[in-house]
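A.B. asks:
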Amino acid sequence: MTPGSRRMRRSREAAASNETDLSAFELYGIQGDSVAALKALTSDAPSSLTTDYNTAILRHVSSKSLDTRVVALRNGLLSELDGCEKKYFNSLSQEQISVRRRKRNEMIMAYNRALVLQTSGFSKECIQICREKLKDLVVKNQPPPEELYIVASRMSFLFLETTLGPSVSRSSGLVHEDLSTPSILSVIAWLNLFNLEKDPQSKFLLALCKSRLHLSESDRKGTKSESNARLARKELKAAMEILQHKLRASHGGDTESVVSSLNSEEIMSTGTHQLQESHQQLLPRSLVLQKLNQSALNLKAKLEQMKGNAKKSLLLCSEARGAAVLDSSYERINSNNLGIVYGTTGKRHLALHSLFKSLQVKSEASFDVDGTSRPNQALTALYNTSLCALQAQNYICSYECMATYVSRCDVFHVGVRCWLRMAEACVGIYSSSRPSKSFKDFCAIEVNGKAKGLLFDHGLCTEQPNTTQEILVQELASGEDIQQVKRNPLLRARGCLEHLLSNQEALDNDALSTSRLMLSFVLLSFREFYRALDMARLVLDSQTLEAVEVGNDTIGVVKRRIATARMYAAEASCALGNSAEAMKYLVGDGRDDAFDRLSSDLGGVTMDMAALNGTGKRRLARAQVKVRSSASTVTAAMDNMPAAKQLAMSAQAIENAYASNRERSAARRALVYCLLRGGNHSAALTLLRSITSTLTSCQAS
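By the count of the numbering used here, the sequence shown reaches residue 1314 at its end, each step adding exactly one.
(1) Starting from the C-beta of Ala842, find all residues in its chain whose C-beta is less than 8 Å away, skip the five residues before and the five after it, and write them out in chain order.
(2) Mind listing, in chain order, the continuous alpha helix (DSSP H) runs of no fewer than 4 residues lying wholly within the stretch 791-849?
(3) Tell me which residues share the same chain as Phe1208 and place their Cβ nearer than 7 Å to its Cβ, disregarding the 5 neighbours each side in the sequence.
(4) When DSSP labels each residue in this structure, what does Phe980 get in the three-state scheme?
(5) So does the stretch 770-779 actually touch the stretch 810-824, counting three or more Cβ pairs closer than 8 Å?
(6) DSSP three-state call for Ser986: helix, strand or coil?
(7) Let's see if you can read the secondary structure: which residues bound the alpha helix (DSSP H) around Phe969?
(8) What are the boundary residues of the alpha helix (DSSP H) that Cys697 is part of?
(9) Got a sec, what are the start and stop residues for the alpha helix (DSSP H) Val1240 sits in?
(10) For Arg1030 and Pro659, I'd like the C-alpha separation in whole angstroms.
(11) Where does Asp749 sit, in a helix, a strand or coil, going by DSSP?
(12) Starting from the Cα of Leu1315, find the closest Cα among Asp1206, Met1131, Gly956 and Asp665 and give me that residue.
(13) Just checking my contact of Val901 with Tyr1012 at CB under 8 Å: how many whole Å lie between their CB atoms?
(14) Who are the near neighbours of Ala1249 in its chain, counting only those whose CB is closer than 7 Å to its CB and skipping five residues on each side?
(15) Starting from Phe772 and walking both ways along the alpha helix (DSSP H), at which residues does that stretch end?
(16) First and last residue of the alpha helix (DSSP H) that includes Gln1096?
(17) Assuming Ala653 and Ser636 form a contact by the criterion Cβ under 8 Å, report the distance between their Cβ atoms to the nearest whole angstrom.
(18) Could you check if Thr998 is buried or exposed, using at least 16 other CB atoms within 10 Å of its CB as the buried criterion?
(19) With DSSP run on the structure shown, which of helix, strand or coil describes Val1086?
(20) Buried or exposed: which applies to Asn703, given that a residue is buried once 16 or more other Cβ atoms fall within 10 Å of its Cβ?
(21) Please report the straight-line C-alpha distance between Tyr955 and Ala964, rounded to a whole angstrom.
(22) With DSSP collapsed to three states, give me the class of Ser1020.
(23) As a quick exercise: from Cys697, Tyr1043, Tyr762 and His673, pick the residue whose alpha carbon is nearest that of Ser979.
(24) According to DSSP, simplified to helix, strand and coil, what is Lys920?
(25) Any idea what DSSP makes of Gly956, helix, strand or coil?
(26) Measuring alpha carbon to alpha carbon, tell me which of Val751, Leu777, Ile1175 and Thr1246 ends up nearest Arg1282.
(27) Ala1149 to Ala1185, Cα distance in whole Å?
(28) Below 8 Å CB to CB, which residues in the same chain sit around Gln1156 once its five sequence neighbours on both sides are set aside?
(29) Which stretch, first to last residue, makes up the alpha helix (DSSP H) that contains Gly645?
(30) What three-state label does DSSP hand Gly1041 in the structure shown?
(31) Straight-line CA distance for Arg713 to Ala851?
(32) Which term fits Gln990, buried or exposed, when burial requires 16 or more other beta carbons within 10 angstroms of its beta carbon?
(33) Taking all protein chains shown into account, decide if Asp812 is buried (16 or more other Cβ within 10 angstroms of its Cβ) or exposed.
(34) If you reduce the DSSP assignment to three classes, tell me which class Asn1191 lands in.
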């Protein structure tokens, strides 16, 4: 829910007279009926700049048509407001308007523009407008003049909502936010100077913003500490007390709706309160209280989800939905929240089901008939669906959702990790779509009844992606882009990673190292070994255990990253003919247990952990097979065939004990290669026939 400084409307009973006796301001400001207000304004009010401006707003708000970003920006309300604003500023030299009234009108016009931009998805432009208008007021460190009190407070809450929105879910919190004036903290401190005791709704919203701020904050290491969570719960508790003891009590359980018209003689402003739908059977005051309650409950559900209390989080989401039985558009928010809770508890398919339900909810208009805004939540659902599909290894779905999110979303909301997730999904598509390497299609070359060679219909090495000069499709999420990703996913992965590395200043250490490491893998697949080696070396040079601090980059993550970079560097060096350097990357300090330590770091499992559970044991075994198979390949390239054969046999023995699928076995390929290099064709043939018989028996069973 979009926070905003609201004032309660006059009692609905005070406007119980005949509709024809009410002015346009009363119809819109008290009853929230923009259709009747538009009729009254066009029939009674004389033509003037203020009337034209208000008519444009009411015509847009009362329209039932759906708005897209392009329509809202070029052909919709903004275009009409541009013309009205130009006429207004041109008339300032001719009309005698007081300075106070002119400042108020200008701030209302800026507020309306910022609100439409925020509702249309242009958050960066919305924040710029709010900062320009609030800068002088916040710097003075005193409450605004009386004529600017309401609109200034509303603009402040709009600024906080737009800025805090993408930061709560961002891993680095507010670390990446710019330091422009005014900052979030300065605006919150300025709002504390207001007389909030007379405005409990604004006090409630301010406490809610403080709670969200604590959830968004992170320390210099990028860690969201438990102390921030405790402060967030404290502020949320204060907000709930205000809701229960002041808002509900002062209005007898029936809170009036909020409007943004400041005065019937002044320029009207569309409201910022996110009422999801206008229901005639509910009093407007009840709708506002319902939305305030939903915001608090959803934030409380997030805090419980962060604590790992999924059951209570689901109960709170259900309670928030129960307060919106008549609100169909709230289904998107509720399904999205349920998907997040299910996803964090490991129920990925149930999470995808909930998120798909959120995406299937039809789009609603940008504003309700009473002028309250309704930003589109589809982009949030797309982002969450992409992450959940990536965890469920549904890589194509993950890429489509994230690419659609990036192509439609404001740059302000698109973080570096969106491009990383797209690249990761493309690598997943490539890995899952590679054909299974089968050794069944071969024949023996016999001379005088003895095996002297083997003929394969394909090589023993993994297949390479299409390295032809295919041009990368520029339009993300288009039909051509999706088909290209399915056909050649690493091409898009390379484009995403190079896009990230082109602006390294915007990347933190974690994102920079991950991008370089992933690009090294992609370049190895494209057989660009020089660049792949350079990327792996950059990762090794930047990742040192001595520089590790407790935070996102834990020691285990850094060790695994270093081990992976060493494997990539060894493969690239071996392909470039430098076998000695490749062996140095694998052996490291040259100690006897070098391979075991590299395997432990690569698998992220220590020997002690592997001894305690079967999953860790199998994970360590897979890492040991990869290390010894690579070492066998490098040793064979150094013409030390006995040592290469010994390493391959060691890898095969480990794999026989723990691996379930030996058809794509790196150890078997390494051993077959060593046998062929040594001229032992009969043993290689026997090994391949044993694989074929094993596969046949498995299929028969």
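Idealized CB from N, CA, C, for every residue including glycine.
C.D. replies: For this structure:
(1) His827, Leu828, Leu916, Met919 and Lys920
(2) 797-804 and 813-829
(3) Val1240, Arg1241 and Ala1244
(4) strand
(5) yes
(6) strand
(7) Arg961 to Gln973
(8) Leu690 to Ser704
(9) Gly1227 to Ala1250
(10) 54 Å
(11) helix
(12) The requested residue 1315 is not part of the displayed model; the chain covers only 614 to 1314.
(13) Contact flag wrong, Cβ pair sits at about 40 Å.
(14) Ala1257, Tyr1286, Cys1287 and Arg1290
(15) Tyr762 to Leu777
(16) Gly1092 to Arg1100
(17) 7 Å
(18) buried
(19) coil
(20) exposed
(21) 5 Å
(22) helix
(23) His673
(24) coil
(25) helix
(26) Thr1246
(27) 9 Å
(28) Ser1126, Val1171, Arg1174, Ile1175 and Ala1178
(29) Premise fails: Gly645 is in no alpha helix (DSSP H) and is neither H nor E.
(30) helix
(31) 36 Å
(32) buried
(33) buried
(34) coil
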